[in-house]
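To convert, count from 1 in the sequence shown and add 3; that's the numbering used here. I have placed the structure first, in the form of structure tokens, so that the comments after it can refer back to it.
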Amino acid sequence: MDMDSDYQLVCADAGEWLKGQVDGSVDLTVTSPPYNIGKIYERRRSISDYLEEQEAVIEQLVRACADTGSICWQVGNYVDKGEVYPLDIFYYDMFKSRGMKLRNRIVWHFGHGLHASKRFSGRYETVLWFTKTNNYVFNLNSVRVPSKYPSKRHFKGEKAGQLSGNPLGKNPSDYWDDLGAEWERGIWEIPNVKSNHPEKTSHPCQFPVELVERCVLALTDVGGLVLDPYSGVASTAIAALKNGRRAIGIDRDPEYTRIGNERVHDLFEGVLKFRPMMKPVHIPNAMDTAARVPVEWRNVEGSVYDAAS
Numbered sequence: 004m005d006m007d008s009d010y011q012l013v014c015a016d017a018g019e020w021l022k023g024q025v026d027g028s029v030d031l032t033v034t035s036p037p038y039n040i041g042k043i044y045e046r047r048r049s050i051s052d053y054l055e056e057q058e059a060v061i062e063q064l065v066r067a068c069a070d071t072g073s074i075c076w077q078v079g080n081y082v083d084k085g086e087v088y089p090l091d092i093f094y095y096d097m098f099k100s101r102g103m104k105l106r107n108r109i110v111w112h113f114g115h116g117l118h119a120s121k122r123f124s125g126r127y128e129t130v131l132w133f134t135k136t137n138n139y140v141f142n143l144n145s146v147r148v149p150s151k152y153p154s155k156r157h158f159k160g161e162k163a164g165q166l167s168g169n170p171l172g173k174n175p176s177d178y179w180d181d182l183g184a185e186w187e188r189g190i191w192e193i194p195n196v197k198s199n200h201p202e203k204t205s206h207p208c209q210f211p212v213e214l215v216e217r218c219v220l221a222l223t224d225v226g227g228l229v230l231d232p233y234s235g236v237a238s239t240a241i242a243a244l245k246n247g248r249r250a251i252g253i254d255r256d257p258e259y260t261r262i263g264n265e266r267v268h269d270l271f272e273g274v275l276k277f278r279p280m281m282k283p284v285h286i287p288n289a290m291d292t293a294a295r296v297p298v299e300w301r302n303v304e305g306s307v308y309d310a311a312s
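Shown next, in the form of structure tokens:
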């Protein structure tokens, strides 16, 4: 691939920059918009003002989406004074009112995050996958996972005795997990990007390349154009470029844009660190010091840890 012609990372306001994008020119948009939760790159405002701003960007994304294209909108929750607002519910109507068709509401579960004290700790976010028409790209064979029971056979009917599965693997479903062994359970393991993740940069809410990569492989063909209007440190561009697609990333923060360009350069140089697809998630064992129950906790009244732990 040509580093100079196959990608563009720009520091700009997404809503304004997208006005110049040609109608129907984008094969896939994958993004995680700001959640309005007060991160350093956000300007916290009312939920109504926040959604109004996002709606202007969505208007441009739908216009730029190809007839065979898709938009993957990954969001968590907006929290105000302890009350949770599930953002995907608000966003659904924005896309639906513009003629977009929801194909999946994908649940991305991860094992680590901020701990809550007045509600259950949040450990999932959602990806809304919309298409512009009923004639859309979907390359299922590119993202199949191993079946839990590959030797299972039909037990009745015309196919009795024949293998019931697909030799290429099974559909990974709309639940993407990071717990357990993928090769045993047949689900997608995608850890979120924390301090010990090989892709970690200074960005506080960084997209894992693997999450985007599976959308890219399934929803675009080689050479297709992938766009991220809130590109951060260019994880979407990296997922697209490493799989033979073209990429455009937009972010208003010049430092993140700089880091993103450095990461793309490292990708082309072959030195970028990233977590490979299908790599099993580490499961602690008895030899992991941090996983051992401390002696001080073993006899605490009411603790879930006991002397037998």
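Yeah, the Cβ is synthetic: ideal placement off N, Cα and C, and Gly gets one too.
Remark: fewer than three beta-carbon pairs, one from each stretch, lie closer than 8 Å, so the segment 147-167 and the segment 100-110 are not flagged as touching.
By the 16-neighbour rule on beta-carbons within 10 angstroms, R248 is buried. If you draw a 10 Å sphere on the C-beta of K162, you find fewer than 16 other C-beta atoms in it, and that means exposed. G72: member of the beta strand (DSSP E) spanning 68-78, first to last residue. Taking each of A237, K173, I92 in turn and checking the Cα distance to A250, the smallest one comes out for A237. By the CB criterion at 8 Å, G168 and S145 fall outside the cutoff. In this structure, H112 and W179 form a Cβ contact; the two beta carbons are roughly 7 Å apart against a cut-off of 8 Å. A17 is not a Cβ neighbour of I262, given a cutoff of 8 Å. If you check the CB distance, L222 and L31 come in under 8 Å. Taking the Cα positions, Y88 is about 22 Å away from V33. As the crow flies, the alpha-carbon of V303 is around 16 Å from that of R295.
Taken through DSSP and simplified to helix, strand or coil, Y178 comes out as strand. Going by beta carbons, Y94 and L131 fall inside the 8 Å limit. Closest option to E58, judged by alpha-carbon separation, among Y259, V110, F98: F98.
K121 counts as exposed, since fewer than 16 other C-beta atoms from the protein chains shown sit within 10 angstroms of its C-beta. Looking at S8, V13, D9, the one whose alpha-carbon comes closest to that of S234 is V13. Our two residues, V274 and S8, have alpha carbons roughly 20 Å apart in a direct line.
Judged by DSSP secondary structure, H118 falls outside any alpha helix (DSSP H); it is assigned neither H nor E. Check the Cα spacing between H268 and each of I241, E258, P257: the tightest is with I241. Nearest to L220 by alpha-carbon distance, out of L244, E86, T129, N264, is L244. Classified as exposed, L166 has fewer than 16 neighbouring CB atoms from the shown chains inside 10 Å of its CB. In terms of CA proximity to N174, R217 leads the group V225, N246, R217. C75 and L21 have their C-alpha atoms some 17 Å from each other. Counting along the chain, no beta strand (DSSP E) covers T136, and no H or E run does either.
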